[in-house]
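Residue numbers (my numbering), protein chains in the order written: chain A, 585 to 843; chain B, 585 to 843; chain C, 0 to 370; chain D, 0 to 370; chain E, 1350 to 1508; chain F, 1350 to 1508; chain G, 691 to 769; chain H, 691 to 769. Positions of the beta carbon are idealized from the N, C-alpha and C atoms, including for glycine. Keep in mind it's a predicted model, so treat the numbers as computed, not measured. One structure is given below, encoded as structure tokens.
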Amino acid sequence: MVMTDVPTKIVYERPHALDPVVTHYCPGCTHGVAHRLVAEVLDEMGIAGNTIGVASVGCSVFAYNYFNIDFVEASHGRAPAMATGIKRVYPDRTVFTYQGDGDLASIGMGEIVGAASRGEKITVVFINNANYGMTGGQMAPTTLPGQKTTSSPTGRDTDRQGFPIQTAELLSTLEGSAYVVRRSLHSSREIRRAKKAIRTAFEVQKHNLGFSLVELLSTCPTNWGMSAAGSRDWIEERMLPFYPLGDYKVSPAVAELKI
Amino acid sequence: MVMTDVPTKIVYERPHALDPVVTHYCPGCTHGVAHRLVAEVLDEMGIAGNTIGVASVGCSVFAYNYFNIDFVEASHGRAPAMATGIKRVYPDRTVFTYQGDGDLASIGMGEIVGAASRGEKITVVFINNANYGMTGGQMAPTTLPGQKTTSSPTGRDTDRQGFPIQTAELLSTLEGSAYVVRRSLHSSREIRRAKKAIRTAFEVQKHNLGFSLVELLSTCPTNWGMSAAGSRDWIEERMLPFYPLGDYKVSPAVAELKI
Amino acid sequence: MAKELIKGNTAVAEAALRAGLEAYFGYPITPQTELLEHLSARMPELGRPFVQAESELGAINMVYGAACTGKRTMTSSSSPGVSLMMEGLSYIAGTEVPAVLVDVVRGGPGLGNIAPAQGDYNQIVHGGGHGDYHFLVLAPASVQEAVDLTVLAFDLAEKYRNVVVVLMDGSIGQMMEPAELPPFQPLKTEIPDWAVRGTDGGEKRILTSINLDPPAQEVMNLRLMKRWQEIEKNEVRFKEYYLEDAEYVVVGFGTAGRISLSAVRAAREQGIKVGLLRPITVAPFPKDILNELTDRVKAFLVVEMNAGQMLEDVRLVVRGRKPVEFFGRMGGVMPYPDEVLTEIKRLVEGPLTTEGHPKDRWLARLSETIG
Amino acid sequence: MAKELIKGNTAVAEAALRAGLEAYFGYPITPQTELLEHLSARMPELGRPFVQAESELGAINMVYGAACTGKRTMTSSSSPGVSLMMEGLSYIAGTEVPAVLVDVVRGGPGLGNIAPAQGDYNQIVHGGGHGDYHFLVLAPASVQEAVDLTVLAFDLAEKYRNVVVVLMDGSIGQMMEPAELPPFQPLKTEIPDWAVRGTDGGEKRILTSINLDPPAQEVMNLRLMKRWQEIEKNEVRFKEYYLEDAEYVVVGFGTAGRISLSAVRAAREQGIKVGLLRPITVAPFPKDILNELTDRVKAFLVVEMNAGQMLEDVRLVVRGRKPVEFFGRMGGVMPYPDEVLTEIKRLVEGPLTTEGHPKDRWLARLSETIG
Amino acid sequence: MQQEVIIAGFGGQGVLFAGQLLSYTALDQGKEVTWIPSYGPEMRGGTANCTVVVSDEEIGSPLVNRPTAVIAMNLPSLEKFEDLVKEGGVLVVNASMVNREVQRKDIKVVSIPANEIAMELGSERATNMVMLGALLGNLDLLSLDAVEEALDNHLPERH
Amino acid sequence: MQQEVIIAGFGGQGVLFAGQLLSYTALDQGKEVTWIPSYGPEMRGGTANCTVVVSDEEIGSPLVNRPTAVIAMNLPSLEKFEDLVKEGGVLVVNASMVNREVQRKDIKVVSIPANEIAMELGSERATNMVMLGALLGNLDLLSLDAVEEALDNHLPERH
Amino acid sequence: MPAKGYIEVNELHCKACELCVTDCPFNVLALDMDRLTPKGYHPAYMVNPDACTGCGICAVVCPDAAITVYRYERKKAEA
Amino acid sequence: MPAKGYIEVNELHCKACELCVTDCPFNVLALDMDRLTPKGYHPAYMVNPDACTGCGICAVVCPDAAITVYRYERKKAEA
Ligand SMILES: Cc1ncc(C[n+]2csc(CCOP(=O)(O)OP(=O)(O)O)c2C)c(N)n1
Ligand SMILES: Cc1ncc(C[n+]2csc(CCOP(=O)(O)OP(=O)(O)O)c2C)c(N)n1
Ligand code: SF4
Ligand code: SF4
Ligand code: SF4
Ligand code: SF4
Ligand code: SF4
Ligand code: SF4
Ligand SMILES: [Mg+2]
Ligand SMILES: [Mg+2]
């Protein structure tokens, strides 16, 4: 039982940058973890007040309801363009997008490559959950070969439906990309690493070093048809081989960053 | 003077896959060389009759007037999608797109990445002339840092306008890309190499090995404001450092191709 | 064949398949997605091309390519996705190749919501893309009609080398109704001569929408306009309910039409001589019947799930000869039959005017209830 | 300030700059490109953001973002590029943020050509994007007017939190005319409260176009409609030429209007009592003056560089009370004054009818000359 | 003769399926029928409902605001629909999930502990069937045997 | 009083510039003026022309199909525009680039070897100026001095 | 051995995903089958509080930021 | 030393870009200032035919595929 007579200190509490509302995310969906990590970083850097978020179209479409910061909602795939419009008029504010894999790697590929190649000084939080969650689990560009989705009912057939896009690797070929890494949310250890990466990404923006993106492997228990815990195992066993965690682009200037 | 009494043999003549019409290209523009090479390859492979070309929007918009094959004209940037539509209903025919760098690497980035990631069995001839030729020489994603264009009048400022996109490198990160290389048209030696690459690309399609693309460094004397010969030197001196020639993706199956 | 209980989106997909659909290209979007999902399973089973495109831009341009081969091809989407297709659709129109689009409209503008709406009538009927062109637009009001019109869409598209749009709303896409699916048609064997396929040594074919020479482009435009006159002559379709002795006429298409039908029935039970005109082709618009009714009846009530878009097409025909009133719900709200009944009664009670604009009167009333 | 000889595209760009343009985003396309090129030099000089976007989709969504900060922002394009902006424009409309679009229309549909045209009237005026919304549309007929209306566009956009479109055609973009540029305005200092900028610890702001709950979306739609009624009440603009004693009235906007002016003058020289009504705002459309003229005059001639799009807006006002005839050239062909003069004479000679559709008569005539 | 039935409950309670079964039954009995769900992401986890209209003639609106019958599988559904039932209509309430009395006096109210009954019948998953049965027993629309039949004819796999 | 001048020739012959100079001159003389080029990619390399309308009142159409004056810098231009000159109008032909007679009798024809004259004046690049001068000398529209002035006022760099 | 810390679960946010239960290295947590949150979930709670070390792992993995972690300052107290 | 080959320039296609002139290793080619093509260009021609080896470089670099290259079959003839 809890001892009330002993002095205590809080070692962890819900970040202030999160509004005290219940998300619409399914139980166990790690979109929630990603939200929490971004909020923690905004708190720790003390920049929540000068940050503008750009939500995308996907399950995270309502992200603006969950963060206690100014937010806009982009059209499907165009968040990097919208963020560019905001960042260019407010170069001194922090601007980030929060996008899913269908949003960023399918319909929004033109905009993300454009922003990265321009070295747009924005931060992108990229949620790779290997499917289109919001619309009910269709195939995404990130869907694994053989993975069953509602639009690849017999499993993704690479001959007809192609291969997973490795977004971090692709964007790392662009000179404008200052910091492009992949992390995962499937365990407390990886979550801690993910948070460090998100912090670095925002620091990169703060120091005007260029475009920063953190790809996060994330669960979709509902559409994967698994338990929350089982989904995390699926990331570890099935997704990691296709999406190796690591730093794909760390510009020299970023390498020198002291955080 | 020419001797009429001695027997002769033709060692080079205009390819039959080219229509006997004068192109609208400026004098010395190597779009013409690229056209000729594609035509030679179609002739040599004897596939002109079952080939469908997809022209894009750019100076090569009228390519369909110059080749003696069936042709369609795509909207700006969407040639790979249009080619996909054709190839899927005619898997046994040869389908290629002919696209400029503005068309493919700017507005059409989403479609080219989509086609490559699907391993779409089409061939892409990609003309990189470091600017938007048709519209009068604006900055392209491929424009070099410091290069003056009508929309970067003081020279491309990488801080505001970003860095050149290295398309071959970017597309080589995609599993569906079977053959992705960069060649140049600035000398007879390189032109010969370019032709070999184009031949290989069409062979890759013929053998159903996946997506193939040949990036060609090409001149734009008119908008560069140089002589035809001077433009070729500019490719060699200025463009090559940013766009190294080479093979960026050669899938194992392609490596085994005997041509 | 027996009727089965089937969802609108699925029924349209299966109907297209049976009508000989040879290539489908699409991108998921609610409330249309089941259509794409059904074909993602069925097309490969039959060895026919199905591609989930990278976007609606990709999808419409894949359709453009397939259409240039003369094969039966289609795509489907919903409001925001259809907006992304506007450039491609204009190109297809300018190239005069046949294609079918199924548009399952949701509440707009913007991201809006996924509820049933008719707010994209103007976009589809009056040119959302650039330049002068017309789509042939079929507006089903039930799952069965959606099935039948989908089959018809392919025939009309090929007959006129024109884009045909099946314009429905989220409720028809999501609703299950008994419907009889069409028999399987054999795939087309001969391809039209204009279609690209490779010259095989013969004359080369070029399909393009560019005419740098304006007079040439004008000739193409003229061809499109004359074709449209043909279509207006041959293809007008509509359904009449209780019009014989009607003194008042409700005009509504699709779901707004069938909702109005309930209201009209209720009004009839109360002895009100009201009928319903439900355009099945909203383009070409049923002008003649409407014109004829104008001479006969006392007033019109236009009912739409938008802010009064088809209303203007009705007013263009009635031209002030009889009062035209309007009732609409916007942004994904579906009107209920009793709301329409109330409007019918207001019509009957009067007073009626041909002055001013019916939209202004409607907005004034609506503001009181929801404003 | 003295007049200078300046190209339309350049003049509009410089006028926007002087009106306090704080962020420009665009993509090259003929015949609009000089506008982008001018700003690519001038904006950086003044330390203001200029971005050549990856595409028109990118451009309009960058504008969307900048508009959400309440800063003066704009983009410019031409027909195919504008079609690509339809989704973004619908989002901007649904989010109720101010933005300016300059649309330099070219010959369509499809890739068409780069010649002057007015074929995108419906796209811009009657909703090319999805959902119910209205743009405020200004149609200049000269370089000077383009300059003045560009400045006005920003004020109106902010006043109504509405998209304002400067709708011109390739000839106005490419033409040089003497024009007086506006004085430099200081940049806005205070930002509207709704604009995002970072909470700085205060209340958070959300700008979005989604309302999953249809009733909420409907309330937003209602707000848009009432705002439009406001705009219709306050912002109608037009120019009258020789209307006092006119028995016949030509109606034309933009370049078609100024071409008609030459024809009207020539007709006057021949003693024909004809005048010209040139709408400056095509949306809101000058209904009252047209209504009033309808009581006064014998007949109308609508002249457009398209297949008869504004024509329907004229017919909606005239409502069959007087004959309305149409003359148009399509696909980038510019009518010549003497062609319009011939049409005016035909009007005067008669016979005239209010039956049938003027488009059918026009197409019949046009077919003989170019068909 | 037209009946409009709304079936409402939690996502997991099989309300959509119950509605479909009712629709199939109507179809088999040669009636006109429409089934329309409340759809969309917000449905995820939350409450769901569907409207079934059964009629002898072509059906107009698939949606009604005053249904002739409502099945409320849980409290939120009762809150939402109690007032909407047409006078003289039927309201079937799942007492297992509802801890309050129904206020309306001008309608026929049928309150049964459906979860318990279903468990006795062997599986709590059949709760929706129990509720449907209760409705049909109190509405002259379709016979229970007809439902059984429809179940076998159309949805064996779901069985 | 309104004059409509079309200046046509090869891309390199400076026809657009000549038209602009004419326009600046008109502007300085307090007249209304419009200048509109034939534009587009097809112009590249090929022939170019511009239409200049000078008037005392607000100008209607910037384009005319029957100009009051035409400057034809080469043969194709003559072919294209000879028939279009309004009766009584002026047609200035560059004899250096045109090897045939003008057919029209109802207009004033001025034929001069502009290239040769320009070369004598020191630079073949001035051919367009020579032609413009020839036009103004034969059209009561604007004085040559006014052109000189305009040249200095507006286009020094081009000088 | 006495607990080094304890946690609190905010029942407004908890969705019973059980990730904290799975990941707690000391099996401190379980879902409370006798309680229902406003959203109708069985919230997590400390079934075995004495084992809690206040390590915070549960909070790190919680997708709904429902957990607050406290650590006893006994040492300080002793010192 | 006698020419090993010769070339023909199709004056319909030649645009006087001079690339062949620049690249011919044996300076065989020049632009013909006395001739004009239908498009108004001074076409390339063999100013120094005896030096032509028929190597084909000119044809390889010609953007307008205007050049046909012939080689003499003297050897064969001698053999
Ligand atoms: C233009 C457009 N096309 C399609 C849609 C429908 N849509 C909404 S979300 C979504 C996919 C979201 O998937 P993802 O980006 O992976 O996010 P997730 O839900 O998986 O987190 C789609 C296709 C839309 N809203 N707009
Ligand atoms: C949607 C759209 N946007 C813009 C244009 C205008 N446009 C035509 S060609 C072109 C760029 C062509 O450049 P590139 O692809 O590099 O080809 P190049 O002319 O250099 O060979 C542009 C922007 C268009 N036609 N359509
Ligand atoms: S659908 Fe998937 S991604 Fe969306 S909230 Fe549920 S679990 Fe998360
Ligand atoms: S503009 Fe440049 S790319 Fe276009 S044809 Fe001329 S030289 Fe070639
Ligand atoms: S992880 Fe969070 S949401 Fe999940 S059960 Fe534990 S406390 Fe509840
Ligand atoms: S703090 Fe550590 S020990 Fe305590 S409950 Fe959480 S995970 Fe278990
Ligand atoms: S390279 Fe070809 S086009 Fe150029 S000059 Fe030689 S022959 Fe003529
Ligand atoms: S063939 Fe060789 S030697 Fe002969 S002209 Fe051409 S380049 Fe010169
Ligand atoms: Mg996803
Ligand atoms: Mg280019």
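Query                                                                                                                                    : Result
Proline 591 (chain A) Cβ short of 7 angstroms to ligand 6 heavy atom set                                                                 : no
Any beta strand (DSSP E) of 3 or more consecutive residues that is wholly inside the segment 627–712 of chain B                          : 635–639, 654–657, 678–684, 707–712
Three-state secondary structure assigned by DSSP to glycine 111 (chain C)                                                                : strand
Chain-ordered chain E contacts of lysine 70 (chain C) [CB-CB under 7 angstroms]                                                          : Within chain E, no residue comes near lysine 70 (chain C); the closest Cβ sits about 33 angstroms away, beyond 7 angstroms.
Per DSSP, cross-strand counterpart(s) of glutamate 1353 (chain E)                                                                        : E:Val1402
Whole-angstrom C-beta distance between serine 796 (chain A) and threonine 707 (chain A), which should lie under 8 angstroms              : 5 angstroms
Distance, valine 709 (chain B) Cα to alanine 781 (chain B) Cα                                                                            : 10 angstroms
Inter-stretch contact (C-beta, 8 angstroms, three-pair minimum) for the segment 93–103 of chain C and the segment 143–161 of chain C     : yes
Bridge partner(s) assigned by DSSP for serine 796 (chain A)                                                                              : A:Thr707, A:Tyr763
Cβ-based burial, phenylalanine 326 (chain C) [other Cβ within 10 Å; buried from 16]                                                      : buried
Test: arginine 160 (chain C) CB closer than 8 angstroms to a CB of chain B                                                               : no
Identity of the residues DSSP links to tryptophan 193 (chain D) by a beta bridge                                                         : Tryptophan 193 (chain D) pairs with nothing; no bridge assigned.
8 angstroms Cβ cutoff met for threonine 719 (chain A) and threonine 32 (chain C)                                                         : yes
Proximity test, lysine 225 (chain D) beta-carbon vs ligand 5 heavy atom, cut-off 7 angstroms                                             : no
Cβ of valine 759 (chain H) within 8 angstroms of any chain B Cβ                                                                          : yes
The segment 666–699 of chain A: positions lying closer than 7 angstroms to chain D by Cβ                                                 : Met666, Ala667, Thr668, Gly669, Ile670, Arg672, Val673, Tyr674, Arg677, Gly694, Glu695, Gly698
Exposure label - aspartate 1501 (chain F); buried when at least 16 CB within 10 Å                                                        : exposed
Other residues of its chain near glutamate 324 (chain C): CB distance less than 8 angstroms, five sequence neighbours each side excluded : Ala298, Phe299, Leu300, Val301, Glu342, Arg345, Leu346, Leu351, Pro357, Arg360, Trp361
Chain A contact for glutamate 840 (chain B) (CB, 8 angstroms cutoff)                                                                     : no
Residue-chain proximity (phenylalanine 655 (chain A), chain D), Cβ-Cβ < 8 angstroms                                                      : yes
Arginine 725 (chain H) and proline 733 (chain H) closer than 8 angstroms at C-beta                                                       : yes
Check whether phenylalanine 786 (chain B) and threonine 681 (chain B) have beta carbons under 8 angstroms apart                          : no
Neighbour-count burial assignment, isoleucine 190 (chain D), 16 or more Cβ in a 10 Å radius                                              : exposed
Helix, strand or coil at isoleucine 1385 (chain E) according to DSSP, with G and I counted as helix                                      : strand
Proximal chain C residues relative to proline 1386 (chain E), where beta-carbon distance stays under 8 angstroms                         : Gln173
Local conformation of tyrosine 716 (chain A) per DSSP, three classes                                                                     : strand
For alanine 266 (chain C), the first and last residue of its enclosing alpha helix (DSSP H)                                              : 253–268
Of the residues A:Gly794, A:Ala618, A:Gln683, A:His619, the one placed nearest glycine 746 (chain B), counting alpha carbons only        : A:Gly794
Chain B within 8 angstroms of isoleucine 36 (chain D), Cβ atoms only                                                                     : It is glutamate, not isoleucine, that sits at residue 36 (chain D) in the sequence shown. So, interface residue.
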